[in-house]
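Taking this note's numbering, the leading residue of the first sequence gets 361, the next gets one more, and so forth. In what follows, a single structure is set out as structure tokens and then discussed.
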Amino acid sequence: MKMVKTRFAPSPTGRMHVGNLRTALYSYLIAKHAGGSFMLRIEDTDQERFVPGALEIIYQTLSDAGISFDEGPDKDGGAGPYVQSERCALGIYNKYAGQLIEQGDAYYCFCTKERLDSLKEQGSDKEYAMYDKHCLSLSKEEIRANLEAGIPHVVRLNVPNEGTTTFHDEIYGDITVENKELDDMILIKSDGYPTYNFANVIDDHLMGITHVVRGNEYLSSSPKYNRLYEAFGWDIPTYVHCPLITDEEHHKLSKRSGHSSFEDLVDQGLLPQAIVNYVALLGWSPEDNQEIKTLPELVKEFDYRKINKSPAVFDIAKLKWMNGEYIRRMDDREYQDRAMPFIRQAISKDLDLQKISNMAKSRIETFEDIPELIGFLEKVPDYDCSMYEHKKMKTTIPLSLEALKAVLPVLEAADDYGNDALYSLLLGFAKDRGLKNGQVMWPIRTAVSGKQMTPGGATQLMEILGKDESLSRIRAAIEKLSENERKEQ
RNA sequence: GGCCCCAUGGUCAAGCGGUUAAGACAUCGCCCUUUCACGGCGGUAACAGCAGUCCGAAUCUGCUUGGGGUCACCA
361 MKMVKTRFAP SPTGRMHVGN LRTALYSYLI AKHAGGSFML RIEDTDQERF
411 VPGALEIIYQ TLSDAGISFD EGPDKDGGAG PYVQSERCAL GIYNKYAGQL
461 IEQGDAYYCF CTKERLDSLK EQGSDKEYAM YDKHCLSLSK EEIRANLEAG
511 IPHVVRLNVP NEGTTTFHDE IYGDITVENK ELDDMILIKS DGYPTYNFAN
561 VIDDHLMGIT HVVRGNEYLS SSPKYNRLYE AFGWDIPTYV HCPLITDEEH
611 HKLSKRSGHS SFEDLVDQGL LPQAIVNYVA LLGWSPEDNQ EIKTLPELVK
661 EFDYRKINKS PAVFDIAKLK WMNGEYIRRM DDREYQDRAM PFIRQAISKD
711 LDLQKISNMA KSRIETFEDI PELIGFLEKV PDYDCSMYEH KKMKTTIPLS
761 LEALKAVLPV LEAADDYGND ALYSLLLGFA KDRGLKNGQV MWPIRTAVSG
811 KQMTPGGATQ LMEILGKDES LSRIRAAIEK LSENERKEQ
């Protein structure tokens, strides 16, 4: 059995969206699960779409995601070069195109853009038409003359109009199409660069790729590839087409439609490991039903034969949930490092930031949630007095005012503003006055935070705010409630 | 429009001829709790439709419907 070798072959056109990332991941998992090797190849045969810096993005994304490759542009494994423009300069593609022309499996085409466009117009369906093999009938002399005259040309694959072509995919099974449905695809463009379709086949063969992993959008063009392999007499690799990842409208994720890239998600405060973990589960599920998996665990358990056929909707809500799980499991030091910038963003006062970050840990899904969660510590937001009413706590606005007034001197007298001390102090207070715990805790928490929900109870918040600030907030609340009462009357 | 692919709850997803049709996210309720969260418990919610094969069909076949993909000198 030959060693498994897979590849990820992105084009340097910008940020990577999650569909691409998952293809890279599955490709990596298939190789590593089998103890094989994983390779990176850069497909930059479209000089117009090249985006400067895109190469760095690819490296960065892969490295953030923890997907490491054994061979690639900066890591020679003997099958290089790994960048198609460099391979093109070596004449690799032209050599193979020449072989096909010699064999009669490919031919030069000198048709102009205008003629090609006119084909579309007179075709049965205005917008779609295949090439009519016009240049196939050119004589040797005509071809030579055209070539010598420097007329722009491409090289096309010659697909017969009769018969059928079948190719096999590990996930989708056999797919057979009529040859007459297959266009005479262009192999070499007029600028001398190979098309993706051609370069892909040549390189996958030359580089010893055993499993071709790619998106489902290539499924319908795959039969053409087989014609190429057959023309060369090469072994056809194992194809693994992954199901599409779509948005909530069930449309394919793409940069063009403005869908989030991996980097966008990271910018939104999502952890690379969580993204990788989530995306692994789009189209595949582990046997033990355990969804949180590390990359090594995925490597161990991944079985490409169990990849799903149907497209999957990218559900950001579940990704966020998973991200929250990752945050909670993160060790404190790492968590602290990542959370601190967001905490500083919200807090400029001299407060115990570490305590604050610990409070936030179990209550956020992404780090971006932090400022909103703790902003009240910096400054009490405007709030409505009705917040003092709480059915379950059995408090009302007047009762709250009363409770706050009564508890104020007690808090003023207290010296220990640690959570535990405050807690027992207040419970004792409630008991003495014949009040429910909630009837004193709820008003205080509200007074001190101005919020319906806070990342901690009344005493925890007071501990962080300190005595002075806590008292001043409570006094302000008493004022606010008293004023409200006056207005009512 | 041609061709190709797909079809289990709102979403992800088990299931591969006999199951009370898992589980997760979301949602709802309860418990825990000084609020929220975490955690625990429970509820709502699905085999697109129609034929056929079979003692028996979510599972096999066909058709219909629905959805998606692709038809470039882009990858």
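Note that CB positions come from ideal geometry on N, CA and C, so glycine has one too.
Inset, instruction - Report the residue from ASP551, THR525 and GLU541 whose alpha carbon sits nearest the alpha carbon of VAL515. - result: In the first sequence, the residue the question calls residue 515 occupies position 155. For the residues ASP551, THR525 and GLU541, the minimum Cα distance to VAL515 belongs to ASP551.
Legend entry - Coarse secondary structure for MET399, derived from DSSP in three states: Residue 399 sits at position 39 when you count from the first residue of the first sequence. The answer is strand: DSSP assigns MET399 an E or B state.
Inset, instruction - Determine the burial state of PRO554: buried for a count of at least 16 other Cβ atoms within 10 Å of its Cβ, exposed for fewer. - result: What you label residue 554 is simply residue 194 of the first sequence in a count that begins at 1. PRO554 is buried by the Cβ-count criterion.
Inset, instruction - Indicate the three-state DSSP secondary structure (helix, strand or coil) for SER620 in the structure shown. - result: Mapped onto the first sequence, residue 620 falls at position 260. Three-state DSSP puts SER620 in coil, outside helix and strand.
Legend entry - Residues near ALA774 by beta carbon distance below 8 Å, same chain, minus five either side: In the first sequence, residue 774 corresponds to position 414, counting from 1. Excluding residues within five positions, the ones whose Cβ falls inside 8 Å are ALA781, LEU782, LEU785 and LYS827.
Inset, instruction - Measure the alpha-carbon distance for ILE824 versus ILE703 and round it to whole angstroms. - result: Residue numbering aside, residue 824 sits at position 464 when the first sequence is read from its first letter. Residue numbering aside, residue 703 sits at position 343 when the first sequence is read from its first letter. Taking the straight line from one Cα to the other gives about 14 Å.
Inset, instruction - Kindly indicate which residue of LYS584, ASN576 and ALA591 has the alpha-carbon position closest to the one of THR606. - result: As a working mapping, residue 606 is identified with position 246 in the first sequence. Minimum Cα distance to THR606 is reached at ASN576.
Legend entry - Beta-carbon proximity of ILE716 to ILE707, cut-off 8 Å: Counting from 1 along the first sequence, the entry for residue 716 is found at position 356. Counting from 1 along the first sequence, the entry for residue 707 is found at position 347. Yes, the Cβ-Cβ distance between ILE716 and ILE707 is below 8 Å.
Inset, instruction - Assign GLY810 to one of two classes, buried (16 or more other C-beta atoms within 10 Å of its C-beta) or exposed (fewer than that). - result: Translated into the one-based positions of the first sequence, residue 810 becomes position 450. By the 10 Å Cβ count, GLY810 comes out buried.
Inset, instruction - If I'm right that PHE674 touches ARG698 with Cβ under 8 Å, what's the distance once you round it to whole angstroms? - result: Along the first sequence, one-based indexing puts residue 674 at 314. Along the first sequence, one-based indexing puts residue 698 at 338. No, PHE674 and ARG698 are not in contact; Cβ-Cβ is about 24 Å, not under 8 Å.
Legend entry - Enclosing beta strand (DSSP E) for LEU517 [first to last residue]: One-based indexing of the first sequence puts residue 517 at position 157. Looking at the DSSP string, the run of the beta strand (DSSP E) that includes LEU517 is 514-517.
Legend entry - Candidates PHE592, GLU608 and SER580, of which the one nearest LEU566 by Cα: Within the first sequence, numbered from 1, the residue matching residue 566 stands at position 206. Closest option to LEU566, Cα to Cα, is PHE592.
Legend entry - Given LEU579 as reference, the closest of GLN714, LYS473 and PHE527 once Cα atoms are compared: One-based indexing of the first sequence puts residue 579 at position 219. Cα-wise, what sits closest to LEU579 is PHE527.
Inset, instruction - Determine the burial state of PRO520: buried for a count of at least 16 other Cβ atoms within 10 Å of its Cβ, exposed for fewer. - result: One-based indexing of the first sequence puts residue 520 at position 160. A residue is called buried when at least 16 other Cβ atoms come within 10 angstroms of its Cβ; PRO520 does not meet this threshold and is exposed.
Inset, instruction - Have a look at GLY618, GLY816, GLU762 and VAL808 and flag the residue whose alpha-carbon is nearest the alpha-carbon of ALA790. - result: For the purposes of this step, residue 790 is identified with residue 430 of the first sequence, where counting begins at 1. Ranking the options by Cα distance to ALA790, first place goes to GLU762.
Inset, instruction - Determine the contact status of LEU496 and ASN518, defining contact as a CB-CB distance below 8 Å. - result: Working through the first sequence from its first residue, we reach residue 496 at position 136. Working through the first sequence from its first residue, we reach residue 518 at position 158. Their beta carbons are under 8 Å apart, which means LEU496 touches ASN518 by this criterion.
Legend entry - Alpha carbon of ASP424 to alpha carbon of LEU821, nearest angstrom: Here residue 424 is taken as the residue at index 64 of the first sequence, counted from 1. Here residue 821 is taken as the residue at index 461 of the first sequence, counted from 1. If I take the Cα positions, the gap works out to 36 Å.
Legend entry - Rounded C-alpha distance that separates TYR695 from PRO731: Walking along the first sequence from the start, residue 695 turns up at place 335. Walking along the first sequence from the start, residue 731 turns up at place 371. Going by the C-alpha atoms only, they are around 15 Å apart.
Inset, instruction - Can you give me the start and stop residues for the beta strand (DSSP E) that ARG574 sits inside? - result: Numbered from its first residue, the first sequence carries residue 574 at position 214. It spans 571-575 - the beta strand (DSSP E) in which ARG574 sits, taken as one unbroken run.
Legend entry - alpha helix (DSSP H) runs contained entirely in the stretch 395-450, provided each spans 4 or more residues: For the stretch 395-450, whole alpha helix (DSSP H) runs of length 4 or above, ordered along the chain, are 414-425 and 444-449.
Inset, instruction - Assuming ASP544 contacts TYR468 (C-beta within less than 8 Å), just tell me the rounded distance between them. - result: In the first sequence, residue 544 corresponds to position 184, counting from 1. In the first sequence, residue 468 corresponds to position 108, counting from 1. Not confirmed; about 12 Å, so no contact.
Inset, instruction - For THR598, I'd like the list of residues in its chain whose CB is within less than 8 Å of its CB, leaving aside the five on either flank, ordered along the chain. - result: The residue given as residue 598 occupies position 238 in the first sequence. Counting only Cβ-Cβ distances below 8 Å, and skipping sequence neighbours, we find GLU530, THR570, HIS571 and VAL572.
Legend entry - Residue burial classification, VAL610 (beta-carbon count within 10 angstroms, cutoff 16): Along the first sequence, read from residue 1 onward, the residue named residue 610 stands at position 250. According to the sequence as given, residue 610 is His; it is not Val. HIS610 should be labelled exposed.
Legend entry - Short Cβ contact (8 Å threshold) for ILE838 with LEU764: Taking the first sequence and counting its residues from 1, the one referred to as residue 838 is at position 478. Taking the first sequence and counting its residues from 1, the one referred to as residue 764 is at position 404. Closer than 8 Å, so yes.
Inset, instruction - Look at the Cβ atom of PRO603, then the Cβ atom of SER645, and state whether they are nearer than 8 Å. - result: Counting from one through the first sequence, the residue named residue 603 turns up at place 243. Counting from one through the first sequence, the residue named residue 645 turns up at place 285. Between PRO603 and SER645, the gap from beta carbon to beta carbon reaches 8 Å or more.
Inset, instruction - Taking only the alpha-carbon atoms, compute the straight-line gap between LEU625 and GLU416 and give it to the nearest angstrom. - result: The residue given as residue 625 occupies position 265 in the first sequence. The residue given as residue 416 occupies position 56 in the first sequence. Going by the C-alpha atoms only, they are around 17 Å apart.
Legend entry - Exposed unless 16 or more other CB atoms sit within 10 angstroms - verdict on VAL808: Position 448 of the first sequence, counting from 1, holds the residue named residue 808. When all chains shown are included, VAL808 counts as buried.
Legend entry - VAL411 classed as buried or exposed, judged by whether at least 16 other C-beta atoms fall within 10 angstroms: Counting from one through the first sequence, the residue named residue 411 turns up at place 51. VAL411 is exposed by the Cβ-count criterion.
Inset, instruction - Measure how close the beta-carbons of VAL364 and GLY396 come, nearest whole angstrom, since I'm counting them as under 8 Å. - result: In the first sequence, counting from the first residue as 1, residue 364 sits at position 4. In the first sequence, counting from the first residue as 1, residue 396 sits at position 36. With a Cβ gap of about 3 Å, VAL364 and GLY396 count as contacting.
Legend entry - Residue environment, MET813, which counts as buried when at least 16 other CB atoms sit within 10 Å: What you label residue 813 is simply residue 453 of the first sequence in a count that begins at 1. Exposed.
Inset, instruction - Hey, could you find the ends of the alpha helix (DSSP H) GLY458 is sitting in? - result: For the purposes of this step, residue 458 is taken as residue 98 along the first sequence, with counting starting at 1. Here the alpha helix (DSSP H) through GLY458 covers 452-463.
Inset, instruction - Could you give the DSSP three-state label for THR373: helix, strand or coil? - result: Within the first sequence, residue 373 is the residue found at index 13, counting from 1. Three-state DSSP puts THR373 in coil, outside helix and strand.
Inset, instruction - Under 8 Å by Cβ, that's how I've got HIS377 and HIS601 pegged, so tell me the actual separation to the nearest angstrom. - result: Here residue 377 refers to the residue found at position 17 when the first sequence is read from its first residue. Here residue 601 refers to the residue found at position 241 when the first sequence is read from its first residue. In fact, because the Cβ distance is near 17 Å, the residues do not count as touching under 8 Å.
Inset, instruction - Inspect the CB distances between the stretch 377-393 and the stretch 630-648 and report whether three or more fall short of 8 Å. - result: yes
Legend entry - One or two residues paired with ALA763 in a DSSP bridge: Numbered from its first residue, the first sequence carries residue 763 at position 403. BP columns for ALA763 are empty, so no partner.
Legend entry - Continuous alpha helix (DSSP H) assignments of at least 4 residues falling wholly in the stretch 526-588: Listed in chain order, the complete alpha helix (DSSP H) runs (minimum 4 residues) inside the stretch 526-588 are 556-566.
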